[in-house]
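S.K.: Have a look at this one before I ask anything.
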Ligand code: TYD
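Residue numbers (my numbering): 1 to 137.
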């Protein structure tokens, strides 16, 4: 997988003076059936999250509130993506290394996942990940 395959997807936004609404349908707005949802919140200033790649799980990240950065690596290229809109999501295919930082105060990161949580689906060691993608450090 290459960083170019990580895409910002525009979600539907129903503007309403009573408050805006966005919805996500599995296999329509995201290219997988959603099996799991989790969220990061109460992230202290200066904290880093992520620091892993997934072997087969797709994820879709949204800044539901506030903002944060996602650093993407594929072993060859690196890119920093700033998420700050609740109607934009970042699609992360498997085998992309991701780190998250620069969380604004009160921010919430929602993650949709194509698989149930499975600790064996993770690379948490960067050199091991590089080896898996055929890059010698
Ligand atoms: P971790 O993957 O380290 O969080 P992040 O990469 O976002 O910094 O997960 C933190 C802990 O939560 C770890 O013990 C595994 C657990 N966890 C689950 O039990 N289920 C889940 O769906 C997720 C994402 C994590």
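By construction, the Cβ of each residue, glycine as well, lies at the ideal position given by its N, Cα and C atoms.
Quick caveat: nothing in here was measured; it's all calculated off a predicted structure.
With a CB to CB cut of under 7 angstroms and the five nearest residues on each side skipped, what residues in its chain are close to residue 79?
M.R.: 3 and 72
S.K.: DSSP three-state call for residue 116: helix, strand or coil?
M.R.: Reduced to three states, the DSSP call for residue 116 is coil.
S.K.: Jot down the residue ranges of each uninterrupted beta strand (DSSP E) in the region 8-59, minimum 3 residues, whole runs only, in chain order.
M.R.: Here the runs fully enclosed are 36-40 and 49-54.
S.K.: I want to check one thing, is the minimum distance from the CB of residue 72 to the heavy atoms of the ligand TYD below 7 angstroms?
M.R.: Checking every heavy atom of the ligand TYD against the Cβ of residue 72, none is found closer than 7 angstroms.
S.K.: According to DSSP, which residues form a beta bridge with residue 111?
M.R.: Beta-bridge pairing by DSSP links residue 111 to 38 and 61.
S.K.: Could you please give the first and the last residue of the uninterrupted alpha helix (DSSP H) stretch that includes residue 2?
M.R.: Taken as a continuous stretch (DSSP letters only), residue 2 belongs to no alpha helix (DSSP H), as it is neither H nor E.
S.K.: Within 8 angstroms (strictly less), CB to CB, does residue 16 reach chain C?
M.R.: Protein chains in the displayed structure number just one, and chain C is not present.
S.K.: Please classify residue 134 as buried or exposed, where buried requires at least 16 neighbouring CB atoms within 10 angstroms.
M.R.: exposed
S.K.: Tell me the DSSP secondary structure of residue 121 in three-state form.
M.R.: helix
S.K.: From which residue to which residue does the alpha helix (DSSP H) around residue 94 run?
M.R.: Element bounds for residue 94: n/a, residue is neither H nor E.
S.K.: Taking residue 9 and residue 91 to be in contact with their CB atoms under 8 angstroms, please state how far apart those CB atoms are, rounded to whole angstroms.
M.R.: 6 angstroms
S.K.: Could you give the C-beta distance for residue 45 and residue 99, rounded to a whole number, given that I count them as a contact under 8 angstroms?
M.R.: That pair is no contact at about 16 angstroms.
S.K.: Would you say residue 52 touches the ligand TYD, meaning its beta carbon is less than 7 angstroms from a heavy atom?
M.R.: yes
S.K.: Taking a contact to mean a Cβ-Cβ separation below 8 angstroms, would you say residue 85 touches residue 63 in this structure?
M.R.: yes
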